[in-house]
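What follows is a set of notes on a single structure, which appears directly below.
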Amino acid sequence: MNNSTICDIDLNADQIFLPVLYGCVFCIGLPTNCLALYGMFCLVKTDYTLPIYIINLLLADLLQIGTLPLWMDYYSRGHQWRFGHAACKIIGCVFYISLFVSICFMCCVSLERYLAIVHPLWFQSQRMVRNVYLLSLAVWLFFTSAVAVGFKMGFEGNTTSTLCMEEFPSKTDFALFQLVSIPFTFLLPLLFLLFVFFRVRSSLARSVSLSGQEKRRFNGLLLLIVLMFLLIFGPYHLVRMVRYAGVISVSDKCHFESRIFLPFQIALGLLSVNAILDPIMYIFIYKSSREKMLASFPCLHRMGRSREIGVTP
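Last residue of the sequence shown? That's 377 in my numbering, and every number before it is there in order.
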(Lines of atoms letter the chains of each structure in order from A and count residues from 1; the text may use other names and numbers.)
(Lines give C-alpha, C1' and ligand atoms only; values in the text may rest on other atoms or scores of the structure.)
Protein backbone atom coordinates (compact mmCIF):
# COMPACT_ATOMS: atom_id res chain seq x y z
CA MET A 1 0.00 0.00 0.00
CA ASN A 2 1.38 3.37 -0.94
CA ASN A 3 0.02 6.86 -0.60
CA SER A 4 -3.50 7.93 -0.03
CA THR A 5 -5.43 10.37 -2.12
CA ILE A 6 -5.42 12.27 -5.40
CA CYS A 7 -7.03 15.32 -3.80
CA ASP A 8 -5.19 17.66 -1.45
CA ILE A 9 -7.21 17.00 1.71
CA ASP A 10 -6.06 17.45 5.30
CA LEU A 11 -6.53 13.88 6.49
CA ASN A 12 -5.36 14.84 9.97
CA ALA A 13 -8.38 17.07 10.58
CA ASP A 14 -10.23 14.28 12.44
CA GLN A 15 -7.11 12.77 14.02
CA ILE A 16 -8.21 13.56 17.59
CA PHE A 17 -12.01 13.76 17.38
CA LEU A 18 -12.77 10.32 15.93
CA PRO A 19 -10.31 8.23 18.00
CA VAL A 20 -11.48 9.90 21.23
CA LEU A 21 -15.16 9.48 20.32
CA TYR A 22 -14.71 5.87 19.23
CA GLY A 23 -12.72 5.11 22.38
CA CYS A 24 -15.54 6.44 24.58
CA VAL A 25 -18.15 4.49 22.62
CA PHE A 26 -16.08 1.30 22.88
CA CYS A 27 -15.54 1.59 26.64
CA ILE A 28 -19.20 2.39 27.38
CA GLY A 29 -20.93 0.47 24.58
CA LEU A 30 -19.24 -2.91 25.01
CA PRO A 31 -20.33 -3.62 28.61
CA THR A 32 -23.77 -2.03 28.28
CA ASN A 33 -24.59 -3.96 25.11
CA CYS A 34 -23.43 -7.21 26.70
CA LEU A 35 -25.62 -6.56 29.74
CA ALA A 36 -28.48 -5.66 27.42
CA LEU A 37 -28.10 -8.93 25.52
CA TYR A 38 -28.22 -10.84 28.78
CA GLY A 39 -31.51 -9.18 29.70
CA MET A 40 -33.00 -9.80 26.27
CA PHE A 41 -32.04 -13.48 26.14
CA CYS A 42 -33.89 -13.94 29.42
CA LEU A 43 -37.07 -12.73 27.68
CA VAL A 44 -36.78 -14.80 24.49
CA LYS A 45 -37.87 -17.90 26.43
CA THR A 46 -41.18 -16.17 27.22
CA ASP A 47 -42.21 -16.37 23.54
CA TYR A 48 -42.22 -12.60 23.03
CA THR A 49 -41.23 -11.37 19.58
CA LEU A 50 -39.98 -7.91 20.58
CA PRO A 51 -36.81 -9.17 22.33
CA ILE A 52 -35.74 -10.94 19.11
CA TYR A 53 -35.70 -7.65 17.22
CA ILE A 54 -33.83 -5.96 20.05
CA ILE A 55 -31.27 -8.79 20.22
CA ASN A 56 -30.55 -8.30 16.52
CA LEU A 57 -30.23 -4.57 17.10
CA LEU A 58 -27.78 -5.13 19.96
CA LEU A 59 -25.79 -7.65 17.92
CA ALA A 60 -25.47 -5.05 15.17
CA ASP A 61 -24.22 -2.56 17.77
CA LEU A 62 -21.66 -5.07 19.07
CA LEU A 63 -20.41 -5.73 15.55
CA GLN A 64 -19.94 -2.01 15.05
CA ILE A 65 -18.22 -1.66 18.44
CA GLY A 66 -15.89 -4.52 17.52
CA THR A 67 -14.57 -2.58 14.53
CA LEU A 68 -13.86 0.62 16.50
CA PRO A 69 -10.30 -0.21 17.74
CA LEU A 70 -9.13 -0.63 14.15
CA TRP A 71 -10.82 2.62 13.11
CA MET A 72 -9.21 4.38 16.08
CA ASP A 73 -5.79 3.24 14.84
CA TYR A 74 -6.68 4.25 11.28
CA TYR A 75 -7.81 7.79 12.07
CA SER A 76 -5.12 8.45 14.68
CA ARG A 77 -2.53 7.76 11.97
CA GLY A 78 -4.11 10.22 9.55
CA HIS A 79 -6.15 7.70 7.54
CA GLN A 80 -3.30 5.23 7.22
CA TRP A 81 -4.67 1.67 7.08
CA ARG A 82 -1.98 -0.86 8.00
CA PHE A 83 -3.88 -4.15 8.28
CA GLY A 84 -4.13 -5.13 4.64
CA HIS A 85 -6.76 -4.81 1.94
CA ALA A 86 -8.68 -7.94 2.95
CA ALA A 87 -9.05 -6.74 6.54
CA CYS A 88 -10.16 -3.32 5.30
CA LYS A 89 -12.82 -4.92 3.12
CA ILE A 90 -14.15 -7.09 5.96
CA ILE A 91 -14.05 -4.45 8.70
CA GLY A 92 -15.44 -1.73 6.45
CA CYS A 93 -18.32 -3.87 5.25
CA VAL A 94 -19.12 -5.04 8.79
CA PHE A 95 -19.23 -1.42 9.98
CA TYR A 96 -21.73 -0.35 7.32
CA ILE A 97 -23.78 -3.55 7.48
CA SER A 98 -24.26 -3.03 11.22
CA LEU A 99 -25.23 0.59 10.61
CA PHE A 100 -28.01 -0.13 8.11
CA VAL A 101 -29.19 -3.25 9.95
CA SER A 102 -29.63 -1.07 13.05
CA ILE A 103 -31.90 1.27 11.12
CA CYS A 104 -34.04 -1.61 9.90
CA PHE A 105 -34.43 -3.20 13.33
CA MET A 106 -35.36 0.14 14.87
CA CYS A 107 -38.24 0.14 12.39
CA CYS A 108 -39.07 -3.47 13.30
CA VAL A 109 -39.31 -2.56 16.98
CA SER A 110 -41.65 0.32 16.16
CA LEU A 111 -43.73 -1.91 13.88
CA GLU A 112 -44.08 -4.53 16.61
CA ARG A 113 -45.32 -1.93 19.09
CA TYR A 114 -47.66 -0.47 16.44
CA LEU A 115 -49.30 -3.83 15.72
CA ALA A 116 -49.54 -4.72 19.41
CA ILE A 117 -51.35 -1.47 20.23
CA VAL A 118 -53.30 -0.51 17.10
CA HIS A 119 -54.20 -4.03 15.88
CA PRO A 120 -53.95 -6.18 19.03
CA LEU A 121 -56.33 -9.00 17.99
CA TRP A 122 -54.69 -9.52 14.62
CA PHE A 123 -51.25 -9.25 16.22
CA GLN A 124 -52.01 -11.93 18.81
CA SER A 125 -53.31 -14.32 16.16
CA GLN A 126 -50.45 -13.76 13.71
CA ARG A 127 -47.49 -13.38 16.06
CA MET A 128 -45.10 -16.27 15.40
CA VAL A 129 -41.54 -16.35 16.66
CA ARG A 130 -40.48 -18.39 13.63
CA ASN A 131 -41.54 -15.60 11.27
CA VAL A 132 -39.53 -13.08 13.28
CA TYR A 133 -36.41 -15.23 12.96
CA LEU A 134 -36.92 -15.52 9.20
CA LEU A 135 -37.44 -11.77 8.85
CA SER A 136 -34.31 -11.08 10.89
CA LEU A 137 -32.27 -13.39 8.69
CA ALA A 138 -33.63 -11.71 5.57
CA VAL A 139 -32.63 -8.28 6.91
CA TRP A 140 -29.04 -9.39 7.53
CA LEU A 141 -28.75 -11.05 4.11
CA PHE A 142 -30.22 -8.07 2.26
CA PHE A 143 -27.95 -5.45 3.79
CA THR A 144 -24.89 -7.68 3.53
CA SER A 145 -25.55 -7.97 -0.21
CA ALA A 146 -26.25 -4.24 -0.60
CA VAL A 147 -23.06 -3.20 1.21
CA ALA A 148 -21.03 -5.71 -0.80
CA VAL A 149 -22.35 -4.15 -4.02
CA GLY A 150 -21.51 -0.66 -2.76
CA PHE A 151 -17.97 -1.72 -1.82
CA LYS A 152 -17.41 -3.29 -5.22
CA MET A 153 -18.56 -0.11 -6.97
CA GLY A 154 -16.57 2.30 -4.82
CA PHE A 155 -13.41 0.61 -3.58
CA GLU A 156 -12.87 -2.85 -5.06
CA GLY A 157 -10.10 -1.79 -7.44
CA ASN A 158 -8.31 0.37 -4.88
CA THR A 159 -5.75 -2.11 -3.46
CA THR A 160 -2.64 0.10 -3.27
CA SER A 161 -3.93 3.06 -1.27
CA THR A 162 -3.49 3.53 2.47
CA LEU A 163 -7.12 4.64 2.62
CA CYS A 164 -9.84 2.23 3.78
CA MET A 165 -13.40 2.58 2.51
CA GLU A 166 -12.51 6.04 1.22
CA GLU A 167 -11.52 7.56 -2.09
CA PHE A 168 -10.97 11.22 -2.98
CA PRO A 169 -12.60 12.21 -5.20
CA SER A 170 -15.37 9.62 -5.03
CA LYS A 171 -16.29 7.75 -8.19
CA THR A 172 -19.33 9.07 -10.02
CA ASP A 173 -21.12 5.72 -10.20
CA PHE A 174 -20.51 5.20 -6.49
CA ALA A 175 -21.92 8.67 -5.76
CA LEU A 176 -25.04 7.78 -7.75
CA PHE A 177 -25.39 4.54 -5.80
CA GLN A 178 -25.17 6.49 -2.54
CA LEU A 179 -27.82 9.00 -3.62
CA VAL A 180 -30.19 6.26 -4.76
CA SER A 181 -29.80 4.45 -1.43
CA ILE A 182 -30.53 7.48 0.80
CA PRO A 183 -34.36 7.32 0.45
CA PHE A 184 -34.26 3.67 1.51
CA THR A 185 -31.87 4.12 4.44
CA PHE A 186 -33.24 7.38 5.83
CA LEU A 187 -36.28 9.05 4.24
CA LEU A 188 -38.57 6.00 4.11
CA PRO A 189 -37.60 4.78 7.61
CA LEU A 190 -38.16 8.28 8.98
CA LEU A 191 -41.62 8.54 7.40
CA PHE A 192 -42.45 5.06 8.71
CA LEU A 193 -41.33 5.91 12.26
CA LEU A 194 -43.36 9.12 12.23
CA PHE A 195 -46.42 7.28 10.90
CA VAL A 196 -46.14 4.66 13.64
CA PHE A 197 -45.66 7.27 16.35
CA PHE A 198 -48.73 9.32 15.42
CA ARG A 199 -50.94 6.27 14.83
CA VAL A 200 -49.98 4.75 18.17
CA ARG A 201 -50.45 8.08 19.91
CA SER A 202 -53.92 8.42 18.43
CA SER A 203 -54.87 4.85 19.37
CA LEU A 204 -53.59 5.27 22.93
CA ALA A 205 -55.57 8.48 23.34
CA ARG A 206 -58.79 6.51 22.66
CA SER A 207 -57.84 3.53 24.81
CA VAL A 208 -59.64 3.04 28.11
CA SER A 209 -57.85 -0.18 29.12
CA LEU A 210 -54.45 1.42 29.72
CA SER A 211 -53.51 3.78 32.53
CA GLY A 212 -52.11 7.22 31.89
CA GLN A 213 -48.67 6.04 33.00
CA GLU A 214 -48.71 3.11 30.57
CA LYS A 215 -49.75 5.41 27.74
CA ARG A 216 -46.87 7.75 28.51
CA ARG A 217 -44.47 4.81 28.52
CA PHE A 218 -45.51 3.60 25.07
CA ASN A 219 -45.54 7.11 23.62
CA GLY A 220 -42.18 7.84 25.22
CA LEU A 221 -40.54 4.76 23.74
CA LEU A 222 -41.67 5.51 20.18
CA LEU A 223 -40.87 9.22 20.47
CA LEU A 224 -37.40 8.33 21.72
CA ILE A 225 -36.84 6.10 18.69
CA VAL A 226 -37.85 8.93 16.34
CA LEU A 227 -35.59 11.44 18.11
CA MET A 228 -32.65 9.03 18.16
CA PHE A 229 -33.10 8.36 14.47
CA LEU A 230 -33.23 12.06 13.61
CA LEU A 231 -30.34 13.17 15.83
CA ILE A 232 -27.97 10.26 15.18
CA PHE A 233 -28.69 9.23 11.59
CA GLY A 234 -30.05 12.55 10.30
CA PRO A 235 -26.77 14.56 10.17
CA TYR A 236 -24.93 11.71 8.45
CA HIS A 237 -27.53 11.24 5.74
CA LEU A 238 -27.84 14.99 5.17
CA VAL A 239 -24.09 15.50 4.77
CA ARG A 240 -23.88 12.27 2.77
CA MET A 241 -26.51 13.57 0.35
CA VAL A 242 -24.72 16.92 -0.02
CA ARG A 243 -21.36 15.25 -0.53
CA TYR A 244 -22.37 12.82 -3.26
CA ALA A 245 -24.66 15.29 -5.00
CA GLY A 246 -21.69 17.65 -5.12
CA VAL A 247 -19.39 14.96 -6.49
CA ILE A 248 -21.78 14.52 -9.40
CA SER A 249 -22.55 18.19 -10.07
CA VAL A 250 -19.48 20.34 -9.33
CA SER A 251 -16.55 20.72 -11.69
CA ASP A 252 -13.78 20.97 -9.07
CA LYS A 253 -14.46 17.74 -7.22
CA CYS A 254 -11.30 17.86 -5.13
CA HIS A 255 -12.01 21.34 -3.79
CA PHE A 256 -15.55 20.29 -2.91
CA GLU A 257 -14.37 17.08 -1.23
CA SER A 258 -11.86 19.03 0.88
CA ARG A 259 -14.60 21.40 2.10
CA ILE A 260 -17.08 18.66 2.95
CA PHE A 261 -14.47 16.32 4.46
CA LEU A 262 -14.60 17.40 8.12
CA PRO A 263 -18.43 17.77 8.36
CA PHE A 264 -18.76 14.32 6.81
CA GLN A 265 -16.29 12.79 9.26
CA ILE A 266 -18.04 14.38 12.25
CA ALA A 267 -21.42 13.10 11.07
CA LEU A 268 -19.90 9.67 10.47
CA GLY A 269 -18.48 9.61 13.97
CA LEU A 270 -21.81 10.51 15.55
CA LEU A 271 -23.31 7.31 14.12
CA SER A 272 -21.35 5.31 16.67
CA VAL A 273 -23.20 7.01 19.56
CA ASN A 274 -26.19 4.87 18.59
CA ALA A 275 -24.35 1.86 20.02
CA ILE A 276 -24.53 3.51 23.47
CA LEU A 277 -28.12 4.73 23.26
CA ASP A 278 -29.68 1.45 22.11
CA PRO A 279 -28.97 -0.59 25.27
CA ILE A 280 -29.86 2.34 27.50
CA MET A 281 -33.21 2.74 25.79
CA TYR A 282 -34.14 -0.92 25.41
CA ILE A 283 -32.82 -2.33 28.67
CA PHE A 284 -32.51 0.27 31.37
CA ILE A 285 -36.04 1.48 30.60
CA TYR A 286 -37.36 -2.00 29.77
CA LYS A 287 -38.79 -2.99 33.13
CA SER A 288 -39.22 -6.74 32.88
CA SER A 289 -35.78 -7.47 31.47
CA ARG A 290 -34.15 -4.93 33.77
CA GLU A 291 -35.52 -6.75 36.80
CA LYS A 292 -34.04 -10.04 35.59
CA MET A 293 -30.68 -8.39 34.96
CA LEU A 294 -30.63 -6.64 38.33
CA ALA A 295 -31.40 -9.92 40.07
CA SER A 296 -28.17 -11.33 38.66
CA PHE A 297 -26.16 -8.13 39.14
CA PRO A 298 -27.12 -6.69 42.54
CA CYS A 299 -24.54 -3.93 42.16
CA LEU A 300 -26.79 -2.42 39.50
CA HIS A 301 -29.84 -2.38 41.76
CA ARG A 302 -29.49 1.26 42.62
CA MET A 303 -29.12 2.15 38.93
CA GLY A 304 -32.25 0.18 38.11
CA ARG A 305 -34.32 1.81 40.84
CA SER A 306 -33.48 5.25 39.45
CA ARG A 307 -35.13 4.36 36.13
CA GLU A 308 -38.71 3.45 36.86
CA ILE A 309 -40.11 4.26 33.43
CA GLY A 310 -40.03 0.71 32.11
CA VAL A 311 -41.98 -0.55 29.12
CA THR A 312 -43.45 -3.98 29.63
CA PRO A 313 -43.77 -6.17 26.55
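Note that beta-carbon positions come from the ideal geometry of N, C-alpha and C, so glycine has one too. Computed from a prediction, not measured in an experiment: that's the story for all the values here.
Using the three-state DSSP reduction, which class does SER189 fall into: helix, strand or coil? Residue mapping note: residue 189 aligns to position 125 of the sequence shown, counting from 1. Three-state DSSP puts SER189 in a helix.
Using the C-alpha atoms, what's the distance from ILE119 back to VAL165? Taking the sequence shown and counting its residues from 1, one reaches residue 165 at position 101. Taking the sequence shown and counting its residues from 1, one reaches residue 119 at position 55. Those two C-alpha atoms are separated by around 12 angstroms.
Counting Cβ pairs, one atom from each stretch, are 3 or more of them under 8 angstroms apart for the stretch 330–338 and the stretch 293–304? yes
So within the stretch 158–220, which uninterrupted alpha helix (DSSP H) runs reach at least 4 residues, ignoring any that extend past its ends? 184–190 and 193–218
Drop a sphere of 10 angstroms on the beta-carbon of MET192, count the other beta-carbons inside from all chains shown, and report buried for 16 or more, exposed for fewer. Sequence index remark: in the sequence shown, residue 192 carries index 128 (1-based). Classification for MET192: exposed.
To the nearest angstrom, how far is it from the Cα of GLY93 to the Cα of TRP135? Taking the sequence shown and counting its residues from 1, the one referred to as residue 93 is at position 29. Taking the sequence shown and counting its residues from 1, the one referred to as residue 135 is at position 71. Answer to the nearest angstrom: the Cα atoms are 15 angstroms apart.
Quick one, are the C-beta atoms of LEU257 and VAL290 less than 9 angstroms apart? Indexing the sequence shown from 1 puts residue 257 at position 193. Indexing the sequence shown from 1 puts residue 290 at position 226. Contact: yes.
Looking at LEU199 and CYS172, is the spacing between their C-beta atoms short of 9 angstroms? Numbered from 1 along the sequence shown, position 108 holds the residue referred to as residue 172. Numbered from 1 along the sequence shown, position 135 holds the residue referred to as residue 199. Yes, Cβ-Cβ distance for CYS172 and LEU199 is below 9 angstroms.
So for ILE73, helix, strand or coil by DSSP? One-based indexing of the sequence shown puts residue 73 at position 9. In the structure shown, ILE73 sits in coil (DSSP, three-state: anything other than H, G, I, E or B).
So, at 6 angstroms on beta carbons, what are the nonlocal neighbours of SER162 in its own chain, with the 5 sequence-adjacent residues on each side left out? By 1-based counting over the sequence shown, the position of residue 162 is 98. These residues qualify, in order along the chain: ALA124, LEU127 and GLN128.
Could you check what DSSP says for ARG265 in three-state terms: helix, strand or coil? Position 201 of the sequence shown, counted from the first residue, corresponds to residue 265. Helix, per DSSP.
Pairs of beta-carbons, one from the stretch 139–150 and one from the stretch 247–267, closer than 8 angstroms: are there three or more? no
On a CA-only basis, which of LEU288, ASP137, CYS318 and SER189 is nearest LEU85? Give me that one, please. The residue you call residue 85 lines up with position 21 of the sequence shown. For the residues LEU288, ASP137, CYS318 and SER189, the minimum Cα distance to LEU85 belongs to ASP137.
C-alpha gap between LYS216 and LEU227, whole angstroms: One-based indexing of the sequence shown puts residue 216 at position 152. One-based indexing of the sequence shown puts residue 227 at position 163. C-alpha separation (whole angstroms): 15 angstroms.
Between the alpha carbons of ALA239 and LYS153, how many angstroms are there, rounded? Mapped onto the sequence shown, residue 239 falls at position 175. Mapped onto the sequence shown, residue 153 falls at position 89. Spanning the two alpha carbons is a distance of roughly 19 angstroms.
So what's LYS235 in DSSP terms, helix, strand or just coil? On the sequence shown, position 171 is the one that residue 235 refers to. DSSP places LYS235 in coil when its eight states are reduced to three.
THR131 lies in the alpha helix (DSSP H); which residues open and close that run? Numbered from its first residue, the sequence shown carries residue 131 at position 67. Taken as a continuous stretch (DSSP letters only), the alpha helix (DSSP H) holding THR131 covers 114–140.
From ASP74, LEU121 and TYR160, pick the residue whose C-alpha is nearest to that of LEU101; which is it? By 1-based counting over the sequence shown, the position of residue 101 is 37. Checking every option, the nearest Cα to that of LEU101 belongs to LEU121.
Please classify PHE328 as buried or exposed, where buried requires at least 16 neighbouring CB atoms within 10 angstroms. By 1-based counting over the sequence shown, the position of residue 328 is 264. Buried is the call here.
Would DSSP call ILE330 helix, strand or coil? What you label residue 330 is simply residue 266 of the sequence shown in a count that begins at 1. The answer is helix: DSSP assigns ILE330 an H, G or I state.
Quick one: grab the DSSP three-state call for GLU321. As a position in the sequence shown, residue 321 is number 257, starting the count at 1. In the structure shown, GLU321 sits in a helix (DSSP, three-state: H, G or I).
Classification of TYR160 by the beta-carbon crowding that lies within 10 angstroms, buried from 16 upward: If you number the sequence shown from 1, residue 160 lands on position 96. With 16 or more other Cβ atoms within 10 Å, it is buried.
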